Amino acid sequence: MTAQKYLSQKKTVCQTFSLSPALKEWLKRYVHVNYKKTPDEDQFKSVSAFISSLLVKEMSQDGK
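Counting in the working numbering, the final residue of the sequence shown is number 212, and the numbers go up one at a time with none missing.
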């Protein structure tokens with residue numbers, strides 16, 4: 149487990165980006181439908197959680 153000292157020094161960054169209204173609506177529907185199918189999946193609890201999970205997946209694939 150990570151030491152508490154490291155966690156207190158960890159920096160976070162707020163990410164903002166714009167989506168077209170059509171894409172935003174599509175994402176809302178997609179997340180809503182998939183949340184109904186698999187309510188235990190954390191990535192489908194909200195649009196923000198879904199986008200965050202996509203960013204993490206993409207960044208981890210780039211590091212390979």
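The C-beta atom is built at its ideal place from N, Cα and C for all residues, glycine as well. Please read these numbers as outputs of a predicted model, since none were measured by experiment.
Neighbourhood of residue i by C-beta distance below 7 Å, restricted to the same chain and skipping five residues each side
{"i": "valine 195", "result": "Leu175, Lys176 and Val179"}
{"i": "tyrosine 183", "result": "Phe192 and Lys193"}
{"i": "alanine 197", "result": "Asp190 and Gln191"}
Spatially closest choice to residue i from the options, by CA coordinates
{"i": "serine 166", "options": "Asp190, Glu189, Ile199 and Lys185", "result": "Ile199"}
Separation of residue j from residue i, as counted between CA atoms
{"i": "lysine 205", "j": "glutamate 189", "result": "15 Å"}
{"i": "lysine 185", "j": "glutamate 173", "result": "19 Å"}
{"i": "methionine 207", "j": "alanine 170", "result": "25 Å"}
Own chain, CB closer than 8 Å to residue i, minus 5 neighbours either side, in chain order
{"i": "serine 201", "result": "Asp190 and Gln191"}
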